[in-house]
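Chains as they are written, first to last, in the working numbering: chain A, 20 to 274; chain H, 20 to 274. Right, one structure below, let's go through it.
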C-alpha cells in the first residue's frame, strides 16, 4: 500500500463542486470512479480543498491509497487517458502514508478574474465575472492592503461557516490588469482584472466575499478605508456581496 | 436605409464557421436570424472574413443595411440581449453605404495559441492547440523573420485556394510565452505560446499552415532557414501540417 498525491486541474463549470453530493456530479466522485476502475481497486480520494460548485482549479491537491505497481509519477498519464476533458492530473507522486492534505498546514493561492467591460466576451464566459462599471484599480489595491495580514475575517465569511476561529492570515493580494488576449491597439476598452490572493487558509466563501467587497470599492460605493471598519465589525452584512463562483480558480496549494 | 458596421466576437467551437452551410449552424446564419427578428426586417450581413469551422474571433467585421431608427451605436446593446453567449457584438456604427468589408484594403491580425505542456489543461481546451514536445521559441522567432515581408505564399496555402495571386505581405509575427493564468511559482512547466500575425490578407489556411510549420521548427524537425526554401518551392507539400482550427482567433481588422 502506498499513498499517492495528485495535483488536479479542472473546469468546475459542469460540477456540483469538489465534494460528493447525492444525484449530482462532483469532481471527487468522478475521480473515485475513474481511478477505481483503472486501478481495479476501491479508491477514495481525500481532497485538500472542497471547492464550491462552479469554482475551478489549476492545482487542487488530493491523496489516495493504492496497491498498484504503476510507478507513482506515471499514474497521471494513465489517469489522464480516461478522465474527461474538464478534469486533468498535472502531477502524481508518492507521499508519506500519514500525509493528510487537510491536516497539514498549507499556503493556498486563489485567482479571481473580472471582465471589466461594457460587452460580455464569449471567450471569457466560463472563467470570469463581468463587471460593467469601470473599476478604479488603484482604490482596489489600497483596499486590498487593509486586508493583508492576520485578521478575524468573520465579516468576510458566509454565515454558514462552522469553525471556531475565524482568524486567518493573508500574505498578499495582487491585482493586475490585461486586455483579454492582450488586445493591443484594438481601441476596445475591455480588460481582464486578475486578483490573486495568497493566504494560510480561507473561510467559507471568503475569497468571493473579499472580491465582492473590492468590486464595491472599485465602483466607488465606498472608500478603501471602509475595509478597516468592516473587519472590526465582525458582521457579514458589512461586507460586499459574494462574487460569482465562475470567476474563481484555486491556483495551487503549497505544503 | 443606412449601413451598419458590426465588430463581432465569437467562440467558434459550436459553429460550422462564418459562412452559411446547409443544415449547419454558422455565425453568419445566426446573425441574420437574430438581427432580422429584432429589427423586423430581412437582414443579410456581409462578413469581412469567412473564418473556418472552429476558428474564433475577437473582432471580425460585418455590415448590413437597415431602416431601423435605433441609434447606430446603440444597436449592439439590443442585439447582445438576444444573441447567444458565444456570439457578442463589441461595436456598431454607421458607415458609408458603399462600404464593403471585403472590397476595401485592410490589415488583419490573428492570434494562435499553443499550450506547450505535458498535460492537457481543462482551462485551455477550447482556445489552444496542445503540443507535448518542448518548443524552442528562439528558433521559431528566427523562422518567423523569414516569413515577414512580401512573398508568394503558395507553399503556405491550402491546395484548394482559388485566387490568382498568392502574393501577400506579412507585417509582423510576434511570439510570446506566458504561463496559463500566469502560474507563478507553480513549478509546473506548462506555458502558453501566443503567435500573433499581422498582414494585408491571408490565403486559405495560411495562418494555420504557418503555425504548423513554426511548430516543426520549434520541435527541431528542421532549421529556421528551411523557411526560405519552402517559400521558394511554391509547393504546399514543403510546409508543415495545418494546425488545428481551435487555436486560432481573428483578433481584429483595420481599414
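From the three backbone atoms N, C-alpha and C, an ideal C-beta is built for every residue, glycine too.
If the cut is a Cβ gap below 9 angstroms, which residues of chain A does residue i touch?
{"i": "residue 211/H", "result": "Near residue 211/H there are no residues of chain A at all, since even the closest Cβ is about 11 angstroms away, more than 9 angstroms."}
{"i": "residue 22/H", "result": "Going along chain A, no residue has its Cβ under 9 angstroms from residue 22/H, so there is no contact; the nearest lies around 20 angstroms."}
Given a threshold of 16 other Cβ atoms within 10 Å of its Cβ, counted over all protein chains shown, does residue i qualify as buried or as exposed?
{"i": "residue 86/A", "result": "exposed"}
{"i": "residue 79/A", "result": "buried"}
{"i": "residue 121/A", "result": "exposed"}
{"i": "residue 202/A", "result": "Residue confidence is low: residue 202/A scores 47 on pLDDT, short of 50, so the model does not pin down where it sits. No coordinate-derived value is stated."}
{"i": "residue 190/H", "result": "exposed"}
{"i": "residue 96/A", "result": "exposed"}
{"i": "residue 224/A", "result": "buried"}
{"i": "residue 75/A", "result": "buried"}
{"i": "residue 244/H", "result": "exposed"}
{"i": "residue 152/H", "result": "exposed"}
{"i": "residue 274/A", "result": "exposed"}
{"i": "residue 104/H", "result": "exposed"}
{"i": "residue 47/A", "result": "buried"}
{"i": "residue 176/A", "result": "buried"}
{"i": "residue 108/H", "result": "buried"}
{"i": "residue 59/A", "result": "exposed"}
{"i": "residue 28/H", "result": "buried"}
{"i": "residue 170/A", "result": "buried"}
{"i": "residue 101/H", "result": "exposed"}
{"i": "residue 117/H", "result": "exposed"}
{"i": "residue 42/A", "result": "exposed"}
{"i": "residue 168/H", "result": "exposed"}
{"i": "residue 45/A", "result": "buried"}
{"i": "residue 133/H", "result": "buried"}
{"i": "residue 123/H", "result": "exposed"}
{"i": "residue 88/A", "result": "exposed"}
{"i": "residue 195/H", "result": "exposed"}
{"i": "residue 251/A", "result": "exposed"}
{"i": "residue 20/A", "result": "exposed"}
{"i": "residue 207/H", "result": "Unreliable positioning characterises residue 207/H in this predicted model, as indicated by a pLDDT of 49, which lies under 50. The coordinate reading is nonetheless provided below. Buried: at least 16 other Cβ atoms inside 10 Å."}
{"i": "residue 30/H", "result": "buried"}
{"i": "residue 64/H", "result": "buried"}
Could you work out which residues of chain H lie near residue i, taking near to mean beta carbons separated by less than 8 angstroms?
{"i": "residue 28/A", "result": "138, 140, 141 and 142"}
Can a CB atom of chain B be found closer than 7 angstroms to the CB of residue i?
{"i": "residue 230/A", "result": "This model lacks chain B altogether; the protein chains it does include are A and H."}
Tell me whether the stretch 48 to 56 of chain H and the stretch 153 to 171 of chain A touch, counting them as touching only if at least three CB pairs, one residue from each stretch, are closer than 8 angstroms. no
Closer than 8 angstroms, Cβ to Cβ, to anything on chain A: give me those residues from the stretch 95 to 125 of chain H, in chain order. 95, 99, 104, 105, 106, 107, 108, 109 and 110
Is it true that the stretch 137 to 144 of chain A meets the stretch 227 to 244 of chain A, where meeting means three or more beta-carbon pairs spaced less than 8 angstroms apart? Contact between the stretch 137 to 144 of chain A and the stretch 227 to 244 of chain A is absent, because fewer than three Cβ pairs lie under 8 angstroms.
Chain H contacts made by the stretch 122 to 155 of chain A, where a contact means CB separation under 7 angstroms: 130, 138, 139, 140, 141, 142, 144 and 146
For the stretch 175 to 188 of chain A against the stretch 251 to 269 of chain A, do three or more pairs of beta-carbon atoms, one drawn from each stretch, fall closer than 8 angstroms, so that the two count as touching? yes
Pair every Cβ in the stretch 92 to 107 of chain H with every Cβ in the stretch 261 to 269 of chain A, then say whether three or more of these pairs are closer than 8 angstroms. no
What residue ranges within the stretch 42 to 106 of chain A form continuous beta strand (DSSP E) runs of no fewer than 3 residues, ordered along the chain? 75 to 85
Return the chain-ordered ranges of every beta strand (DSSP E) run that is complete within the stretch 182 to 248 of chain A and spans a minimum of 3 residues. Complete beta strand (DSSP E) runs here, min 3: 186 to 197 and 210 to 218.
Cβ contact (3+ pairs, closer than 8 angstroms) linking the stretch 213 to 220 of chain A and the stretch 124 to 143 of chain A: yes
In chain order, what are the residue ranges of uninterrupted beta strand (DSSP E) at least 3 long that sit wholly in the stretch 125 to 154 of chain H? Listed in chain order, they are 126 to 135 and 148 to 150.
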